[in-house]
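Have a look at the structure below, then the notes.
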Amino acid sequence: MDKIPECQSIVPVFTVADVGATIDWYQTKLGFWSDPFPEQEPYVFAILFRDHIELMLQRLENFQKPDFYSQRSGGIWDAYIRTSGLKELYDGIKDEVSIVKPLRQQPYGAWEFEMKDPNGYLLVFSEIED
Amino acid sequence: MPEFKSSACCFPVAHIAKTIAWYEDHLGFKGYPYPPDELATFGILIRDDVEIMLQRIQDYQKPDLYDLRDGGGVWDAYIRMKDIKEFYGSVKDRVVVMKPLVKAFYGAWQFEVKDLNGYVLVFSENEQS
Numbered sequence: 029m030d031k032i033p034e035c036q037s038i039v040p041v042f043t044v045a046d047v048g049a050t051i052d053w054y055q056t057k058l059g060f061w062s063d064p065f066p067e068q069e070p071y072v073f074a075i076l077f078r079d080h081i082e083l084m085l086q087r088l089e090n091f092q093k094p095d096f097y098s099q100r101s102g103g104i105w106d107a108y109i110r111t112s113g114l115k116e117l118y119d120g121i122k123d124e125v126s127i128v129k130p131l132r133q134q135p136y137g138a139w140e141f142e143m144k145d146p147n148g149y150l151l152v153f154s155e156i157e158d
Numbered sequence: 012m013p014e015f016k017s018s019a020c021c022f023p024v025a026h027i028a029k030t031i032a033w034y035e036d037h038l039g040f041k042g043y044p045y046p047p048d049e050l051a052t053f054g055i056l057i058r059d060d061v062e063i064m065l066q067r068i069q070d071y072q073k074p075d076l077y078d079l080r081d082g083g084g085v086w087d088a089y090i091r092m093k094d095i096k097e098f099y100g101s102v103k104d105r106v107v108v109m110k111p112l113v114k115a116f117y118g119a120w121q122f123e124v125k126d127l128n129g130y131v132l133v134f135s136e137n138e139q140s
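Residue numbers (the working numbering), protein chains in the order written: chain V, 29 to 158; chain L, 12 to 140.
Structure follows, in structure tokens:
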């Protein structure tokens, strides 16, 4: 019988100027673990992981992410992260990160909030109400 | 304790319907535009457990960063999968392959594809021991 290829997970890949500083921020603010490469700074690549998700960082010297957020009503996102315990997450970090939109329920039912990471990547955290 | 259960990549694109058609025809995704017509401003692409979200910016052209990084390209999404050799065989003649299927030094089999908007997707499978 033929094998049927299966796509199992997708990892957003963020281009950043400073992998080490980005790792520190994700560890401190959002509780990610990291696997950087090479073993010593300056890192050129890293995998960030927490629970069931991963993010990847690729170093590009002096890179500044363009800000497209205002070019679409409803904003421009970079990663959409489905969670459980969203309210607890929000209450735990809202005073320590750059919140772009606060926790609220969307017309399509999901509870969401939006935040920016230190490089300007827009993360949406979401939970579907039971 | 909050738990992060899954993530989706989000890509700004100039045309949702064209992007959905390409992913359906070339990579076996199923697309859902919102609103469900040619004027869609948002879309979701799904294949198996992978999700990509599309957000419309009029006339958007993705900057091409691929050659700016020493030692191997700038990626936009990294997709972990099973049976990558069969998948590569079925798509390689129909898409822009940036790097063919090879075993990377860290053990994963992977190949790189550029989508119609210039986003670089890496498909990867860890070798079974």
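The C-beta atom is built at its ideal place from N, Cα and C for all residues, glycine as well.
Cα-Cα separation, residue i to residue j
i, j, result
"tryptophan 61 (chain V)", "leucine 76 (chain V)", "6 Å"
"serine 140 (chain L)", "glycine 103 (chain V)", "The pLDDT assigned to serine 140 (chain L) is 45, lower than 50, so where the model puts this residue is not dependable, and the model offers no usable value."
"lysine 144 (chain V)", "glutamate 97 (chain L)", "38 Å"
"tyrosine 136 (chain V)", "phenylalanine 53 (chain L)", "13 Å"
"isoleucine 38 (chain V)", "tyrosine 54 (chain V)", "19 Å"
"serine 126 (chain V)", "proline 146 (chain V)", "9 Å"
"threonine 111 (chain V)", "proline 74 (chain L)", "31 Å"
"tyrosine 118 (chain V)", "aspartate 78 (chain L)", "38 Å"
"tryptophan 139 (chain V)", "leucine 114 (chain V)", "8 Å"
"methionine 72 (chain V)", "valine 108 (chain L)", "According to the sequence as given, residue 72 (chain V) is valine; it is not methionine. Going from the Cα of valine 72 (chain V) to the Cα of valine 108 (chain L) covers about 24 Å."
Chain L residues whose Cβ lies nearer than 8 Å to that of residue i
i, result
"alanine 107 (chain V)", "Ser18, Ala19, Cys20 and Cys21"
Short Cβ contact (8 Å threshold) for residue i with residue j
i, j, result
"leucine 65 (chain L)", "phenylalanine 22 (chain L)", "yes"
"leucine 88 (chain V)", "alanine 45 (chain V)", "yes"
"aspartate 106 (chain V)", "lysine 16 (chain L)", "no"
"cysteine 35 (chain V)", "valine 61 (chain L)", "yes"
"valine 24 (chain L)", "arginine 67 (chain L)", "yes"
"tryptophan 142 (chain L)", "isoleucine 95 (chain L)", "This structure gives no information on residue 142 (chain L), because the portion of chain L shown stretches from 12 to 140."
"isoleucine 81 (chain V)", "serine 18 (chain L)", "yes"
Chain-ordered chain V contacts of residue i [CB-CB under 9 Å]
i, result
"aspartate 94 (chain L)", "Lys31, Ile32, Pro33 and Glu34"
Residue span of the alpha helix (DSSP H) that contains residue i, given as start and end
i, result
"tyrosine 54 (chain V)", "47-58"
Listed by chain order, chain V residues near residue i by CB distance under 8 Å
i, result
"alanine 88 (chain L)", "Ile38, Val39, Pro40 and Val41"
Within chain L, the residues that residue i reaches when beta carbons sit closer than 9 Å
i, result
"arginine 78 (chain V)", "Glu14 and Phe15"
Span of the beta strand (DSSP E) around residue i
i, result
"threonine 43 (chain V)", "34-44"
"serine 101 (chain V)", "Unbroken run through serine 101 (chain V): none, as it is neither H nor E."
"phenylalanine 98 (chain L)", "Segment 95-102 is the alpha helix (DSSP H) holding phenylalanine 98 (chain L); no beta strand (DSSP E) there."
"aspartate 63 (chain V)", "61-65"
Heavy atom of the ligand GDP within 7 Å of residue i beta-carbon
i, result
"leucine 56 (chain L)", "You won't find the ligand GDP in this model; it holds no ligand whatsoever."
Using a Cβ-Cβ cut-off of less than 9 Å, list which residues of the region 87-106 of chain V approach chain L; keep chain order. Of all residues in the region 87-106 of chain V, only Arg87, Leu88, Glu89, Phe91, Pro94, Phe96, Gln99, Arg100, Ser101, Gly102, Gly103, Ile104, Trp105 and Asp106 place a beta-carbon less than 9 Å from a beta-carbon of chain L.
Using a Cβ-Cβ cutoff of 8 Å, what residues of the region 42-59 of chain L are near chain V? List them in chain order. Thr52, Phe53, Arg58 and Asp59
Near-chain V residues of the region 59-77 of chain L - C-beta to any C-beta below 9 Å: Asp59, Asp60, Val61, Glu62, Ile63, Met64, Gln66, Arg67, Ile68, Gln69, Tyr71, Pro74 and Leu76
Residues from the region 98-116 of chain L in contact with chain V, defined by Cβ distance under 8 Å: Phe98 and Ser101
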